[in-house]
Amino acid sequence: MADHMPPVLLEACVVLGASSDKLREVSQAINNNGTPEHLLLEPEVLHVLVPLFVSRPPAGSEAVRSHGKKRRSFLRKKKEQPPPAAATPIQAGGSEDVSVPKDIDLMALPQLCFPGGLQVTNEQKDEQFHFLVFTDVFGNKTHGVVMQCYRPILEGTSVFQNGAGSSKFSQLFSAYSFCVISKYPYFTALKDCLSCLLIQLKTCLLSDMEERVKEFAAKLALVPIPPPGQLHLMFTLGPLTIVLPSREDKDHPAIDLDLHLPFFFFRPQQLLQGLSCLLQEQRVVLFSADWARLTLVAESFLLFLQPYVPVLARGMLDFLMAPTAFLMGCHLSHLEEVATETDDLVLINIDNGSVSTSCSETVDLPEIPLAAADCFTKRCQTLQINFDLYQCHHASCTDISEQRAQRRAWQHDLNVDIQRITLELMVNIFRDVSSHLNYEHRVFNSEEFLKTREPAEQLFYKNVLETHIFHLFLKDRLNRKMDNFARMELSTRSEMQRMKAMVEVPRRPTMQEIQARRKCSIIESKMSKRLGMSLPNLGDDRTLSFQRNSLLTRITVSDPALRTPPKPARVFKLPDFPVSLSFHSVQSYYSELIQQLGKAIFSVQNENSTLLARFYYLRGFINTLCWRRLDALGDFQNLYKTDTAIFPTQLVTWLVDSLHRDERQQAEKRPELKRLILKVKTENEKLSVQPDDHVKKFELPRKHLHQEEFVRCVQECGIVNDVATIHRLFDAFTNGQTKQVDPELFRVFYTFWKEMEAEAQDFNLPSEVIDHLDNSECVYKLSSCVKTSHGVGQIAMTQKRLILLTVGRQSFLEITKFRDIQEVKIASAAFLLVRIPSLRIKTSSRLEVFEANLKTETELWNLVVKEMWAGRKMADQHKDPQYMTQALTNVLLMDAVMGCLQTQRPIIAASKLAYFDKIKHEVPMMVPKTTSETLKHKINPSLDLAEPQTVHVLLYTPGQLTCKDSEGEMNPKLWVALGGGKVVVFDAASWSMLQDCIQVGASQLHCMLGLVQGQVWIGSQDSVIYIIDTHSMSCNKQLTEHRHEVTGLTVDPRDKHNRTAFPSQATYSCSCDGTILQWDTVSLKVKQQFHLSCDRLSSIQIYNGTLWGCCGDAIVELKKNGNPQRRMALPDDIRSMPSSFSSFIVIPERGQLWTGCADSGELCLWHTNNHRRPFKRISLPGSSGVTCMIRVKDQIWVGCRGQSGIGGQCDGQLRSQVLVMDAESHTVAKELQAHSDSIQTLCSAEDRYVLSGSACRDGKIAIWKVE
């Protein structure tokens, strides 16, 4: 159980000093030779104290074994001891059969606790503290705080042995160390604890010393560690009140030290030097004359970097010869010795704030990029790191507890500011890494990333990219980990970066970026002049890219993003420690603690689910300590409804496995425990599949590529991600020959593509052009200098238009916008005695035809302009901008194919990529007028995926733009459920993507529901209801009461506007087995449960307080007790088919029930007020089945499956439609066609818009206007 035990503050308490034999020898030597000034002795471990410290009751009660069989009471060594090297408590005679905790190395501890040696002096010295961190080979850390104090030596005794000493030796003092070891980095709290012990040690008799230390350690063993989140723990250890701050989350350590200490010793430039060395995994050694500074400064450095081994005693200098990266600490007196004997070390002198190497007075290592360093330096200047300055305008504190509380609050706020600044530094350094990742194949294109860096910074990034810590960073990015880095990176993106993230187009500089670059280059031109700037492709692209990146970094990281106030924390005070340490006293202490936690749970039951989860977590741990297994499991079960992020999986698994037969029988009678045990058992029975967390560097292929391998390589190198497009590119390269691509051809293609990107950085556009074009426009293609009907110049293509850059006059002419083109054709122009190929473009914006003598480029430009024209036309007709971005990608691929193929007619291969122009000629693409007028926009939720995904469920949640607090101000959101438990979130005001992936389980999602508490409920095929917090966009709650897949969720619409302090809505869920649950949405408890007998319950809805269910072969109206009141059965002719009801709508005021069947192209209209009146059939044109229905105003919107069936490639042919029915006339008011696959879901946006989502051959969302 030791590996799964609830965390407590104390791991062990160790007392170290000189053995009684050594002290006896010293006393004899002094008696004979006189008193020396100081004498060094060999330190030894005198005592080890490990929990549990209580006396065991008779019969070895199982409750006492709650800390495991390897825990034991205070251990005292015999007077006759083995040699120091083997002096461990295990070998001490007369002790219990016990072992020291495996993470504590008693062999090394004496030297670490006496790093300067154990001294015997002739005067009393002040107490000293220093700090330890032990890191094992797996990176696990154990922390220690050491108090070293001096006590007088009495003849023939040690400090813990009572006896009468001679006053002759009363002026001789020996050092003793008290080391408190903990799994958790509570440096300040443990120092406070040892300070309290010091008071007792100074006043107690020697005969009481042993008992006092034992009581001290026993009390600390009763202190639990606070759970992750905003709940701190407080306890009193006379005379101080001590606070244990909680961790931010499970992935971060607790911070209980002064993070501003390095700012006292180093200027920002030296701090940046040190951080740069750590990021490059250099071997770093800290030096100081004060042992305490070493660990505190090192921990401050590494809280956001990497693990380390902190302090080295004099006898451990050989560790500095280790070839691996490390951060260690040494006494300042060893500086010259270390610098002389060891090469390639970075030496940081804390006392004078200098950074050097063992070979030089300076550090010849690449520095942190300039823009990030400048921003960090400016932020550091805003820090208020002096408490006295902060306190000078406040009244003096007359109470030490109040003063300590003020100091803690100030330190906490300062630590938060420092963490934000250092996090911002990391974001500024690594912001662009995600742009060079391929998530599907887990590839990082390091070469392309390095090319975008400023030349002066490339060596820094090259070193960092090869480190282990950067490899771990890449794993987190590829796993889409939503940590602090990801949150800050997302929140500080510029508007342009957000726009670029919305469309999958090759990287090119926008007009806005070119303008910003030019302004930046004017300001910095004198500083950054370099030879050869006018020559093409000599690295200018990298310089300009850096200037763009650094400028945007400065612009986008704003103070408001850094000044978000931290969440307020709640402090929970533990009961006073028991006077006696007997078993019954300790159990009474735990009982009182459980009682207090119960009161705390009751007080926040309906107010704060996050805080409630922390109280459940803490009470579950205390119940585990008391061996109350079932109560502990009950508390942990409640975490599903409050915060699953802190669920202790290992401990719960251990508890379930350790249940006795009678406990299992009791658990079977408690439904919530029965569900938990079943869930744990199911999870354990699953094959343990290791997550795929490898990271690959992109490498060009070395062997011939078949189609599947070709797709992977193209995706990995970041050229294009869409599989259908890559298949067309493969056909272009193979051109009907052997179906494989030569690796040399792929290398030439890749090189040509990257050269095209680099050349785009060098386009020298006149200022008039930049001012005329939109900020988001980019130049993607530039022709040679040619003769045209408007003079000589170069034709430039953006994603919106063609322009002519005339030679000599530095002016330009807009040839046409793509949407204005009427005709494009190849002609020939007379030149002397020959005819030169030319391109003619007829446009609606000009009367004359534009002609350009493009010569050998004519055929390619003909393909390019026609493809862009077709893409623009489709984008306008379908209100879908992705058609244009896809056409642009096709055009750039054509250009690359033409540039790298050495065949006689490469234009034939390039024409295979003219996808939209081909569709325009093969299939009439005119969108019906009704569809065009009603369709507002289309969006693609599968933008970053290789292939379109089915849109299973859509949910619109309204915004909260009138909230008093800024955190509550939110735009409306569109929630999209894709396959495999993936949820994508759009801003419904701008239709921009807010979250590209919120993972809720791994199964298909069936239904979603928005509640006024800022929650989105999602029903899954895995029988769980997942709850997403709309503010944090995280899924930390689950409802696990259903046993089968959850198919429906509904809320009484009469409660939707209930905005009281604690609103509770009538909310229901159903599963396919017919179970229906009514929920209390505040407490998340089941209020009512009933069962509906049917083959499959596919959905439920509530109208005027009456519940209706869709049971496949019938629509059932339910009474309040859940019993069926009436059934509308499937019509006989449809019943004979393998069909079932798929959806229904009730209109109570009209007495209507509208039903649709999955395999029937008609609706059935039932009259709920007249049971004898036969139902009416309404035929649906062009439909083979109904998939979904919603009511909007007085209309019924019906999602259908097209009659043409589903199959073959998506060629743009419209196969499915949305029908708008008039509820009064029972007729089809509109036929809307916008999807090329069956429509899966419909949702309404405040009755102003209707959104439809389709299956995977289309995979898009259409936004329709409601009239």
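Going letter by letter, the sequence shown gives residues 46 to 1312 in my numbering.
All residues carry an ideal CB built from backbone N, CA and C; glycine is no exception.
Note that the coordinates shown come from a computational prediction; the quantities given were computed from them, not determined experimentally.
Item to check | Alpha carbon of Gln1278 to alpha carbon of Val1263, nearest angstrom | outcome: If you take the alpha carbons of Gln1278 and Val1263, they lie about 6 Å apart.
Item to check | Rounded Cβ spacing between Asn780 and Ala954 (contact assumed at less than 8 Å) | outcome: So it is a contact: roughly 5 Å between Cβ atoms.
Next on the checklist: Does the distance between the C-beta of Ile559 and the nearest non-hydrogen atom of the ligand SAH fall short of 7 Å?
Outcome noted: Summarising the ligand content, the structure contains no ligands, and the ligand SAH is consequently not present.
Checklist entry - What residues match up with Asp1097 in a beta bridge as DSSP calls it? => result Beta bridge pairing from DSSP links Asp1097 with no other residue.
Checklist entry - Is there contact here, the stretch 642-657 with the stretch 307-323, by at least three beta-carbon pairs under 8 Å? => result Touching, no.
Next on the checklist: Taking the beta carbon of Asp462 as the centre, do at least 16 other beta carbons fall within 10 Å, making it buried, or is it exposed?
Outcome noted: Under this definition Asp462 is a buried residue.
Next on the checklist: Rounding to the nearest angstrom, what Cα-Cα distance links Val342 and Leu306 in this structure?
Outcome noted: Rounded to whole angstroms, Val342 to Leu306 spans 7 Å at the Cα level.
Next on the checklist: Rounding to the nearest angstrom, what Cα-Cα distance links Ile871 and Ile886 in this structure?
Outcome noted: Distance between the alpha carbons of Ile871 and Ile886: 9 Å.
Checklist entry - For the putative contact between Gly398 and Phe310, defined by C-beta atoms under 8 Å, what is the C-beta separation to the nearest angstrom? => result Rounded to whole angstroms, the Cβ separation of Gly398 and Phe310 is 5 Å, and the two are in contact under 8 Å.
Next on the checklist: Assuming Ala614 and Leu675 are in contact, meaning their beta carbons sit under 8 Å apart, how far apart are those beta carbons, in whole angstroms?
Outcome noted: The Cβ separation is near 31 Å, so there is no contact.
Checklist entry - What three-state label does DSSP hand Lys1238 in the structure shown? => result For Lys1238, the three-state secondary structure derived from DSSP is coil.
Checklist entry - Which same chain residues, not among the five before or five after Val1265, have their C-beta less than 6 Å away from its C-beta? => result The residues are Gln1240, Trp1242, Ala1274 and Lys1275.
Next on the checklist: Taking the straight line between their C-alpha atoms, what separation do you get for Thr655 and Glu534?
Outcome noted: In a straight line, the C-alpha of Thr655 is about 25 Å away from that of Glu534.
Item to check | Whole-angstrom distance between Thr1002 and Ile1308, CA atom to CA atom | outcome: Straight-line measurement puts the Cα of Thr1002 at about 15 Å from the Cα of Ile1308.
Item to check | Which listed residue (Asn394, Val624 and Val852) has its alpha carbon closest to that of Leu380 | outcome: Looking at the Cα atoms, Asn394 is the closest of the given residues.
Checklist entry - Should Asn668 be labelled buried (16 or more other beta-carbon atoms within 10 Å of its own) or exposed? => result So Asn668 counts as buried.
Checklist entry - What number of angstroms, rounded off, separates the C-alpha of Glu1352 from the C-alpha of Ser227? => result Because the chain in this structure spans residues 46 to 1312, residue 1352 falls outside the shown range and cannot be described.
Checklist entry - For Trp1062, which residues from the same chain have a beta carbon less than 6 Å from its beta carbon, with the 5 sequence-adjacent residues on both sides left out? => result Contacts found: Leu1054, Ile1070, Ile1072 and Leu1094.
Checklist entry - How would you label His923, buried or exposed, when you count the other beta carbons within 10 angstroms and need 16 or more for buried? => result Label assigned to His923: buried.
Checklist entry - For Pro230, does the count of other Cβ atoms within 10 angstroms reach 16, so buried, or fall short, so exposed? => result When all chains shown are included, Pro230 counts as buried.
Next on the checklist: Looking at Lys911: is its Cβ nearer than 8 Å to the Cβ of Val869?
Outcome noted: Yes, these two residues count as a Cβ contact at 8 Å.
Checklist entry - When burial is assigned at 16 or more other CB atoms within 10 Å of the CB, is Lys262 buried or exposed? => result Correcting the residue identity first, residue 262 is Ala in this sequence and not Lys. Counting Cβ neighbours within 10 Å, Ala262 comes out buried, since at least 16 surround it.
Checklist entry - Does the beta-carbon of Lys748 have 16 or more other beta-carbons within 10 angstroms, so that it is buried, or is it exposed? => result The residue in question, Lys748, is exposed, as its Cβ has fewer than 16 Cβ neighbours within 10 Å.
Checklist entry - Going by the CB atoms, is the gap between Lys1130 and Asp688 shorter than 8 Å? => result Contact: no.
Item to check | 8 Å Cβ cutoff met for Ile413 and Phe518 | outcome: Between Ile413 and Phe518, the C-beta gap is not smaller than 8 Å, which leaves the two residues out of contact.
Checklist entry - Going along the chain, which unbroken runs of the alpha helix (DSSP H) with 4 or more residues stay wholly within the stretch 753-814? => result For secondary structure counted as the alpha helix (DSSP H) over 4 or more consecutive residues, the stretch 753-814 holds these complete runs in sequence order: 768-779 and 788-806.
Checklist entry - Where does Gln710 sit, in a helix, a strand or coil, going by DSSP? => result Helix.
Checklist entry - Is there contact here, the stretch 1203-1210 with the stretch 1220-1236, by at least three beta-carbon pairs under 8 Å? => result In short, these stretches touch, since the Cβ pair count reaches three.
Checklist entry - Helix, strand or coil: which one does DSSP assign to Lys618? => result Of the three classes helix, strand and coil, the one that applies to Lys618 here is strand, per DSSP.
Item to check | Enclosing alpha helix (DSSP H) for Val509 [first to last residue] | outcome: In this chain, the alpha helix (DSSP H) harbouring Val509 covers Gln503 to Leu510.
Next on the checklist: I believe Val165 touches Phe218 by the beta-carbon criterion, under 8 Å. Please report the beta-carbon distance rounded to the nearest angstrom.
Outcome noted: The distance from the Cβ of Val165 to that of Phe218 is about 7 Å, consistent with a contact at the 8 Å cut-off.
Item to check | Cys1042 versus Arg522, Ala450, Glu255 and Trp455, residue with shortest Cα-Cα distance | outcome: Selected option, being the one with the closest Cα: Arg522.
Checklist entry - Residues bridged to Tyr1113 by DSSP? => result Among the bridge pairs identified by DSSP, Tyr1113 is matched with Thr1095 and Gln1123.
Checklist entry - Straight-line CA distance for Gln1044 to Val59? => result Here the alpha carbons of Val59 and Gln1044 stand approximately 46 Å from one another.
Checklist entry - Between the stretch 785-798 and the stretch 738-755, are three or more C-beta pairs nearer than 8 Å? => result Because the criterion of three Cβ pairs below 8 Å is met, the stretch 785-798 and the stretch 738-755 touch.
Next on the checklist: Between which residues of its own chain and Asn1316 is the CB-CB distance below 7 Å, once the five residues before and five after are set aside?
Outcome noted: Lying outside 46 to 1312, the shown extent of the chain, residue 1316 is not represented and no answer is given.
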